[in-house]
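Residue numbers for the sequence shown follow the numbering used here, so the first one is 117 and each next one is one higher.
Presented below is the structure to which this report refers.
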Amino acid sequence: MVRVGVVGGGRAGVEAGLEAASKGAKVTLFEGASRVPDWRNSWPDLLTSSPPPIRDTHSLLEAEGVEVLLGETVLSVDQGLVVSGSRVRRRFDAVVVATGSSPALSRFVGSGKTGVYVLDGPQAYVEAGRHVGSADWVVVQGEGILALRVADRLSSRGLGVTLLRRRPLAGLTEVDSMLVSAAAARRVSIVQGQVEAAAGQGRVQAVVSGGRVHACEALLVLPELSPRLPRVPVTLGRLRGIRVEEDQSSSSPGLYAAGSCSEPALRPPCPGISRTSSSPGRVAGANAAGGILSLRCSPSWSEELFGLAFSATGQSLEEAALAGLDASRVVVRRGSSALCCVVYERRSLRLLGIQSAGLGPGHSAALAVAVGQSAHLSALADLSSADSTDISLVAEAVRQGLGWSV
Ligand SMILES: Cc1cc2nc3c(=O)[nH]c(=O)nc-3n(C[C@H](O)[C@H](O)[C@H](O)COP(=O)(O)OP(=O)(O)OC[C@H]3O[C@@H](n4cnc5c(N)ncnc54)[C@H](O)[C@@H]3O)c2cc1C
């Protein structure tokens, strides 16, 4: 029987443990905390008045026969040998490292004022959600989809929001500008900047950023995250996470990694959070148990934000260029409410990525498969407009890419 060690009981580690056990491996999961964290689909939902249900992961693991060692912070993993702080030493045929990431400290003038919430865990979300209820306007500081989700959930409670972020969504220029307009229609103003100071007597009443003052009754800060790792003899990526191949293997034989402590060598990082852990966790667990899976599905996310559906799968034009590909793209729009951007390799006409805004939900999974399989543009050119006017926008972009008259 293959012995698999899993380090970390977050989403990635639990998925890896369950998958390895289901493949017949004898699995031991090391969790540094005193309990395996429960799953919540999305922390920003904790800001709403109807928080999402919790799934008890410990019982899922027990049901699959996974041995769970709690309070065991792993110090090092080397050639299958896992050493923890309490001097437990166990040898495994393969190990999955899934130790997640840590929030950086958020320090600025006035960061200690009442009404400033650093969203560094589910409890902080619950706390902030409880206190901002009576506010009219709040400021959120943060990047990426997570910050947009937070702004969306606050706006759904009727609050006005100023979202301060340093940069737009990387590589998603068109989608991002549609997001900004959709947000503005819901009393969410998205501004480039960063909190320099929280001002007010005792409690925050305004935020200073780039010489501007934003009046508010609360400030919610999303901290930056960085990979958290035990000692592992592996090659690290650009962001200091464990560099992994498509089968989640690292440069060290028998050592796999998944979740936010890892960095795909080939795929660009995905702007979503939770979806980046589940599938890689499952692939890592299956392969640690002797499987031969490969995560060919491209990174993708789809979200409804500010009343519009947004999705992105595969590479943007910028990411394709960074990967050294000769890529091109076509953007088609329907008024100001929908757009589709198709990115493809110029010579082979293979799909590299699709980004969309305003198309109904439901297409994103199929498009992710098409992109993940590097489908030829012509595979999507005949999508029938009879069934759905949404999908016809994708077909139109693809036909333009093929040079067909539309
Ligand atoms: C600021 C912030 C915001 C987040 N927002 C969301 C969100 O909106 N939605 C969402 O689903 N998730 C969110 N997460 C959680 C996390 O990023 C996601 O769950 C993501 O899926 C990463 O999962 P993971 O399994 O890689 O890591 P984590 O969920 O971080 O799990 C890692 C686990 O490993 C354990 N561990 C770490 N080091 C060791 C060690 N040396 N030995 C043993 N155990 C160890 C930790 O205790 C933890 O249980 C957020 C996290 C942070 C910090």
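C-beta atoms are modelled at their ideal positions from N, C-alpha and C, and glycine is treated no differently.
Roughly how many angstroms lie between the CA atoms of residue i and residue j, to the nearest whole one?
| i | j | result |
| --- | --- | --- |
| I507 | A473 | 12 Å |
| V514 | S293 | 22 Å |
| V182 | G133 | 7 Å |
| I306 | V255 | 10 Å |
| L288 | G430 | 11 Å |
| T230 | G260 | 26 Å |
| G318 | D161 | 28 Å |
| G201 | G187 | 9 Å |
| G353 | A381 | 7 Å |
| V130 | T189 | 16 Å |
| S192 | L185 | 16 Å |
| Q321 | P153 | 35 Å |
| C332 | S325 | 13 Å |
| Q195 | S297 | 52 Å |
| A408 | S165 | A small correction: the amino acid at residue 408 is Ile; Ala does not occupy that position in the sequence shown. Going by the C-alpha atoms only, they are around 44 Å apart. |
Excluding the five sequence neighbours on either side, which residues of its own chain have a C-beta within less than 8 Å of the C-beta of residue i, listed in chain order?
| i | result |
| --- | --- |
| L355 | S342, P343, E379, P385 |
| L465 | H492, L493, S494, G517, L518 |
May I ask you to check if the CB of residue i is nearer than 7 Å to at least one heavy atom of ligand 1?
| i | result |
| --- | --- |
| G401 | no |
| A214 | yes |
| S92 | Residue 92 is absent from the model: the chain starts at 117 and stops at 522. |
| T189 | yes |
| L163 | no |
| L235 | yes |
| E147 | yes |
| G126 | yes |
| R223 | no |
Kindly identify the DSSP beta-bridge partner or partners of residue i.
| i | result |
| --- | --- |
| R344 | BP columns for R344 are empty, so no partner. |
| P349 | BP columns for P349 are empty, so no partner. |
| I306 | L279 |
| T144 | G121, E183 |
| E461 | A443 |
| L371 | V211 |
| Q317 | Partner(s): none; Q317 has no beta bridge. |
| W253 | G276 |
| P219 | L341 |
I'd like the list of long-range same chain contacts for residue i, defined as Cβ closer than 6 Å, with 5 residues on each side in sequence excluded.
| i | result |
| --- | --- |
| R119 | K142, F208, D209 |
| V266 | P160, V256 |
Just checking residue i against ligand 2 - is the residue's beta carbon closer than 7 Å to any of the ligand's heavy atoms?
| i | result |
| --- | --- |
| C377 | Within the structure as shown, ligand 2 is missing, the only ligands being ligand 1. |
Helix, strand or coil: which one does DSSP assign to residue i?
| i | result |
| --- | --- |
| E419 | strand |
| D172 | coil |
| L285 | coil |
| H479 | coil |
| S393 | helix |
| Q195 | coil |
| C377 | helix |
| L336 | strand |
| V204 | coil |
| W520 | coil |
| A454 | strand |
| C386 | Interpretation of C386 is limited by its pLDDT of 45, a score under 50 that renders its predicted location unreliable; no figure is taken from the coordinates. |
| Q239 | helix |
| I358 | strand |
Could you pull out every residue in the same chain whose Cβ sits closer than 7 Å to the Cβ of residue i, ignoring the five residues on either side in sequence?
| i | result |
| --- | --- |
| C377 | V213, A214, T215, G216, S217, P343, R344, L345, G357, I358 |
| R462 | D442, A443, S444 |
Is any beta-carbon of chain C found at less than 8 Å from that of residue i?
| i | result |
| --- | --- |
| G401 | Although the question refers to chain C, the structure presented lacks it and comprises just one protein chain. |
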